[in-house]
Amino acid sequence: MVYESRHPLVKHKLTLMRNSATKPKKFRELIREISLLLCYEATTDLTTQPLAVDTPMGRAEGVEIKHKVGLVPVLRAGLGMVEGIWEMMPGAEVWHIGLYRDERTLKPVSYYNKLPTMPTVQVCLVLDPMLATGGSAVATVDILKKWGAERIKFVGILAAPEGIARLQGAHPDVDIHVAHVDERLNDIGYIVPGLGDAGDRQFGTG
Ligand code: PRP
Ligand code: URA
1 MVYESRHPLV
11 KHKLTLMRNS
21 ATKPKKFREL
31 IREISLLLCY
41 EATTDLTTQP
51 LAVDTPMGRA
61 EGVEIKHKVG
71 LVPVLRAGLG
81 MVEGIWEMMP
91 GAEVWHIGLY
101 RDERTLKPVS
111 YYNKLPTMPT
121 VQVCLVLDPM
131 LATGGSAVAT
141 VDILKKWGAE
151 RIKFVGILAA
161 PEGIARLQGA
171 HPDVDIHVAH
181 VDERLNDIGY
191 IVPGLGDAGD
201 RQFGTG
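According to my numbering, numbering within the sequence shown proceeds without interruption in unit steps and concludes at 206.
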């Protein structure tokens, strides 16, 4: 399933992120905030289990999140999505995956993966702001499934229809949560209208 956010705060922040006048410091603030909102929407179906606690006034029946969550930022642009989400889920583990897209072939090239042999989390949230051709997302999910991850969701900011089709074709069980599905890819594989290069805009490069 593809979930495109309808939340006014998400739409407002996305507009600021798209604006080419937005400087890296502001862009980083926005990516942190919008990721938190998107993660809130992407986690509505997390399983809980009962947990009773003592309040100062007596016993209260509550719940706790049942499964261990792994945040999987795709380097580099996914890094900016971690902090806000992690504050909200401090018990999550963070596993980085290093991939870059070869500018000529548009194919993902893997350069960093320190996942241990056995999976340590049950739910993985892949964090990457841009789902363009979908090559990087498919490669990341391939890695996580090979690792043994049971449940995987993709959380991004913008997607192109081409990337959605590719990820859904390869991994139909992976839900996709984004702020917006844009029109198309241009002839160099960038999302249009998009927001430009999500890595460069965060880190002030390019
Ligand atoms: C961007 C983005 C995705 C990828 C999307 O990363 O963050 O990982 O491109 O493109 P795709 O869907 O066509 O694979 P990039 O390769 O620019 O690396 P960077 O984050 O290190 O700048
Ligand atoms: N990567 C980006 O950072 N932006 C795009 O539009 C496509 C891939």
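Heads up, the beta-carbon is just placed ideally off N, CA and C, and yes, glycines get one too.
These numbers come from a predicted model, not from an experiment.
Terminal residues of the beta strand (DSSP E) in which residue i lies
{"i": "Glu64", "result": "58–65"}
{"i": "Pro119", "result": "Segment: none, Pro119 is in no beta strand (DSSP E) and carries neither H nor E."}
Distance, residue j Cα to residue i Cα
{"i": "Ala231", "j": "His67", "result": "Outside the displayed span of the chain (1 to 206) sits residue 231, for which this structure offers no information."}
{"i": "Glu83", "j": "Glu61", "result": "30 angstroms"}
{"i": "Val53", "j": "Leu36", "result": "27 angstroms"}
{"i": "Leu38", "j": "Val10", "result": "8 angstroms"}
{"i": "Tyr40", "j": "Gly70", "result": "15 angstroms"}
{"i": "Val174", "j": "Leu167", "result": "8 angstroms"}
{"i": "Leu75", "j": "Arg59", "result": "45 angstroms"}
{"i": "Ile143", "j": "Lys25", "result": "32 angstroms"}
{"i": "Pro73", "j": "Val178", "result": "15 angstroms"}
Limits of the alpha helix (DSSP H) - the one that residue i falls within
{"i": "Leu40", "result": "Before going further, note that residue 40 is Tyr rather than Leu in the sequence given. Note, Tyr40: alpha helix (DSSP H), 24–42."}
{"i": "Pro161", "result": "161–170"}
{"i": "Arg201", "result": "198–203"}
{"i": "Leu195", "result": "Here Leu195 belongs to no alpha helix (DSSP H), and DSSP marks it neither H nor E."}
{"i": "Lys107", "result": "Element bounds for Lys107: n/a, residue is neither H nor E."}
{"i": "Pro129", "result": "Looking at the DSSP string, Pro129 is not in any alpha helix (DSSP H), and its letter there is neither H nor E."}
{"i": "Lys13", "result": "8–18"}
Cβ neighbour criterion (16 or more within 10 Å) applied to residue i
{"i": "Gly78", "result": "buried"}
{"i": "Ala165", "result": "exposed"}
{"i": "Ile31", "result": "buried"}
{"i": "Pro193", "result": "exposed"}
{"i": "Gln49", "result": "exposed"}
Residues sharing a beta bridge with residue i, DSSP
{"i": "Ile97", "result": "Val74, Asn113"}
{"i": "Ile191", "result": "Leu185"}
Residue-level contact to chain B via CB, residue i, 8 angstroms cutoff
{"i": "Ala139", "result": "Annotation note: the requested chain B is absent from the structure, which comprises a single protein chain."}
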